[in-house]
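These protein sequence lines map, in sequence, to chains U and F. Anchor point for the first sequence: position 143 equals 143 in the UniProt record's numbering, and the numbering is continuous, going up by one each time. Anchor point for the second sequence: position 106 equals 106 in the UniProt record's numbering, and the numbering is continuous, going up by one each time. Glycine included, every Cβ here is placed at the ideal spot set by N, Cα and C. No experiment lies behind these values; they were computed from the predicted model shown.
Number of protein chains: 2
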Amino acid sequence: MAQLYHFPLSPFCRKVRLSLAEKRIEVKLEDERYWEQSVEFLRRNPAGKVPVLRIDGKMLTESAAICEYLEEVYPEPALMPKDPDGRYEVRRLVAWFDDKFHNEVTSKLLYERVNKKVMGRGFPDSGNVKSGARAIKYHLDYMAWLLDHRRWLAGDVMTLADFAAAAHLSSLDYISDVDWNRSELVKDWYAKIKSRPAFRSILADQIPGFPPPPHYADLDF
Amino acid sequence: MAQLYHFPLSPFCRKVRLSLAEKRIEVKLEDERYWEQSVEFLRRNPAGKVPVLRIDGKMLTESAAICEYLEEVYPEPALMPKDPDGRYEVRRLVAWFDDKFHNEVTSKLLYERVNKKVMGRGFPDSGNVKSGARAIKYHLDYMAWLLDHRRWLAGDVMTLADFAAAAHLSSLDYISDVDWNRSELVKDWYAKIKSRPAFRSILADQIPGFPPPPHYADLDF
């Protein structure tokens with residue numbers, strides 16, 4: 001069986017978990033305290049990051065490269081369109097969330113409030129938290145603008161772009177940092193993706209010391 | 001003709017320039033002062049980053065998504081292998097350089113020494129410069145280890161992974177921050193890639209106030 005070394009609230013790991021689950025690839029999850037950079041873990045991934053996926057007798061790293069690999073080797077159901085323009089738009093949006101959204105929002109809210117404490121690296125920096133809380137509004141508005149033109153973020157079908165976005169937002173929702181009242185379109189989109197069977201394991205996540213709010217796993221939030 | 005909005009020393013722009021040149025796609029380069037975040041530029045790319053490529057009547061952003069698009073629409077010469085394992089390895093290494101190497105080295109050396117001054121954001125932080133100078137050694141050793149097993153970074157043929165790595169190293173070489181004596185294997189690899197016609201425009205770059213050292217454009221460095 002495939003094995004995923006992960007950290008439950010990591011959006012990069014969640015994106016891979018969603019891809020695996022949507023493609024019905026069974027996987028055993030192993031919590032990884034990657035920040036301790038143990039020799040054993042660095043042997044699995046010299047980059048020292050999660051996710052690390054053991055599959056098909058190989059050890060794969062880098063979430064975007066893993067998702068493209070899964071798409072090529074386990075093509076059903078497809079999480080990327082077939083045409084180059086559609087594929088470009090998926091990849092652009094995955095990068096938008098994993099780079100820009102991550103730098104401006106996830107690293108400023110989730111990492112300050114949760115990761116720092118879990119890793120024993122002190123208290124949240126309030127300047128960062130304020131900046132993240134400001135930036136997420138702009139990103140939710142951008143998503144609402146996309147969803148006003150399209151059924152899903154990258155077009156008319158659900159793709160990896162939706163999983164990348166849902167991975168970040170679900171991790172932030174675990175700490176109640178998403179204002180779902182800001183946009184009906186974004187809320188409806190999240191309700192659709194949240195109700196998929198692939199999302200169940202994510203809604204069941206529990207971080208010791210950080211109980212999720214009741215709305216987190218509620219499909220009618 | 002295609003048009004690329006870029007910053008000459010940006011490794012992300014250089015990776016795209018190398019792909020375009022290797023595929024013999026003519027492009028007009030437009031210097032972009034992206035850090036000023038002009039309204040006109042943000043209209044081209046709401047993410048506010050370079051490169052932005054105008055091609056085939058579209059405006060494309062995110063260097064990795066651009067390179068995958070070019071690979072799909074202009075497949076010759078191929079810069080990715082055909083098999084999923086080979087493609088995975090290329091994508092893993094592109095992410096290694098554009099994420100890990102960028103965070104640990106490029107942002108600590110190039111951005112401190114050049115970008116800060118060009119953008120009028122003060123003086124280099126000596127702690128960052130020291131940390132970058134330390135980290136590049138480890139990365140050169142990792143490259144040497146790969147090249148001891150393979151002709152090119154991702155395998156037996158030249159790929160986007162080599163362009164990603166050469167994009168970062170060439171920008172750092174412009175400010176003499178690469179110790180080519182550290183590894184004969186890495187030096188030979190760089191000599192091979194540097195001598196390609198696709199590299200010419202990069203070797204001709206000039207940043208006002210930062211003249212390149214004589215070895216920068218020398219094929220026999």
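(1) Where does residue 31/U sit, in a helix, a strand or coil, going by DSSP?
(2) Using a Cβ-Cβ cut-off of 6 Å (strictly less than) and excluding sequence neighbours within five positions of residue 119/U, which residues of its own chain qualify?
(3) When you compare the CB of residue 76/U with every CB in chain F, is at least one pair closer than 9 Å?
(4) Rounded to a whole number of angstroms, what is the C-alpha to C-alpha distance between residue 149/U and residue 62/U?
(5) Tell me whether the beta-carbon of residue 137/F lies closer than 9 Å to the beta-carbon of residue 170/F.
(6) Assuming residue 55/F and residue 16/F make a contact with CB atoms under 8 Å, what is their CB distance in whole Å?
(7) According to the Cβ coordinates, are residue 166/F and residue 14/F closer than 9 Å?
(8) Tell me whether residue 160/F, by its Cβ, gets closer than 8 Å to a heavy atom of the ligand SAM.
(9) For a contact defined as C-beta to C-beta under 7 Å, what are the partners of residue 65/F on chain U?
(10) Give the residues of chain F in contact with residue 68/U, contact being defined as C-beta atoms less than 8 Å apart.
(11) Where does the unbroken alpha helix (DSSP H) through residue 43/F begin, and where does it stop?
(12) Going straight from the alpha carbon of residue 176/U to that of residue 69/F, what length do you get?
(13) Using only CA atoms, which one of 204/F, 23/F and 209/F lies nearest to residue 218/F?
(14) So, do the segment 21 to 40 of chain U and the segment 185 to 201 of chain U have three or more beta carbon pairs nearer to each other than 8 Å?
(15) Would you list the one or two residues that DSSP bridges to residue 52/F?
(16) Using a C-beta cutoff of 9 Å, does residue 99/F count as contacting chain U?
(17) Alpha carbon to alpha carbon, how far is residue 47/U from residue 129/F? Give it in angstroms, no decimals.
(18) CB residue 230/U to CB residue 209/U, shorter than 9 Å?
(19) State the Cα-Cα distance for the pair residue 190/F and residue 182/F, rounded to the nearest angstrom.
(20) Spell out whether any CB of chain F is found under 9 Å from the CB atom of residue 15/U.
(21) Starting from residue 11/U, trace the alpha helix (DSSP H) both ways and give me its first and last residue.
(22) Taking residue 88/U as the reference, give the member of 92/F, 125/F, 50/F and 58/F with the closest Cα.
(23) Any beta carbon from chain F within less than 9 Å of residue 5/U's own beta carbon?
(24) Name the chain F residues that come within less than 7 Å of residue 174/U, Cβ to Cβ?
(25) Out of 174/F, 60/F and 76/F, state which residue places its alpha-carbon closest to the alpha-carbon of residue 114/F.
(26) Put residue 152/U into one of helix, strand or coil per three-state DSSP.
(27) Leaving out five residues before and five after residue 187/U in sequence, what residues of the same chain have Cβ atoms less than 6 Å from its Cβ?
(28) Work out the CA separation of residue 10/F and residue 185/F for me, nearest whole Å.
(29) At the 9 Å Cβ level, is residue 198/U part of the contact set with chain F, yes or no?
(30) Leaving out five residues on either side along the sequence, give the residues of the same chain with a beta carbon under 8 Å from the beta carbon of residue 112/U.
(31) Quick one: is residue 72/F near chain U, going by C-beta distance under 9 Å?
(32) Quick test of your reading: residue 53/U and residue 4/U, contact by CB under 8 Å. State the CB separation rounded to the nearest angstrom.
(33) Can you pull the chain U residues whose beta carbon is under 8 Å from the beta carbon of residue 191/F, in chain order?
(34) If I follow the unbroken alpha helix (DSSP H) through residue 163/F, where does it start and stop?
(35) Residues of the segment 110 to 144 of chain U in Cβ contact with chain F at a cutoff of 9 Å, in chain order, please.
(36) Residue range of the alpha helix (DSSP H) that residue 187/U falls in?
Working from what's here:
(1) strand
(2) 35
(3) no
(4) 31 Å
(5) no
(6) About 10 Å; that fails the 8 Å criterion.
(7) yes
(8) With respect to the ligand SAM, the structure shown offers nothing to examine, as it has no ligands at all.
(9) 88, 91, 92 and 95
(10) 87, 88 and 91
(11) 39 to 44
(12) 37 Å
(13) 204/F
(14) yes
(15) 5/F and 61/F
(16) yes
(17) 21 Å
(18) Residue 230/U lies beyond the stretch modelled for chain U, which goes from 1 to 221, so this question has no answer here.
(19) 13 Å
(20) no
(21) 11 to 22
(22) 58/F
(23) no
(24) Result: empty, since nearest Cβ-Cβ is about 24 Å, beyond 7 Å.
(25) 174/F
(26) strand
(27) 180
(28) 25 Å
(29) no
(30) 124, 125, 128, 129 and 132
(31) yes
(32) 5 Å
(33) Within 8 Å Cβ-Cβ: nothing; residue 191/F doesn't reach chain U, min ~26 Å.
(34) 160 to 173
(35) 142
(36) 184 to 194
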